[in-house]
Amino acid sequence: MEHEKDFLESVPDRIRHYFGNNPDVAYLAVIGVIALFLIGVIMNWQWVCRPRTWLGNYFVELFGPATFRFWYAVFLILAIIVLLFFYFKVYK
């Protein structure tokens, strides 16, 4: 039981160590997570599209859900483009 606890506590440290030694893989992992969010916005998955902050709720009320999703997708696409630019500029 104690061994399992040590293993679970060391998993975040292992991930941090791996990404620290392989920042190019970290860029690709972040791009993958953002791409997953982009797919969620396109598919209208509620865990992605439902705002969780007062600012998000304000923009949904101001512009409507469809416009909010559109600009959220534009922001995610821009983030992916910027990260890909840095990835190819630095690591390739």
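The sequence shown begins at -10 in the working numbering and counts up by one. We put the CB at the ideal spot given by N, CA and C, even for glycine.
Asked	Found
Alpha carbon to alpha carbon, what distance is there between A24 and R58?	14 Å
Return the first residue and the last residue of the alpha helix (DSSP H) that P54 is part of.	P54 to Y80
Rounded to the nearest angstrom, what separates R3 and L51 at their Cα positions?	44 Å
Just the C-alpha distance for V14 and G21, rounded to the nearest angstrom, thanks.	10 Å
Decide if V30 is buried, meaning its Cβ has at least 16 other Cβ atoms within 10 Å, or exposed.	buried
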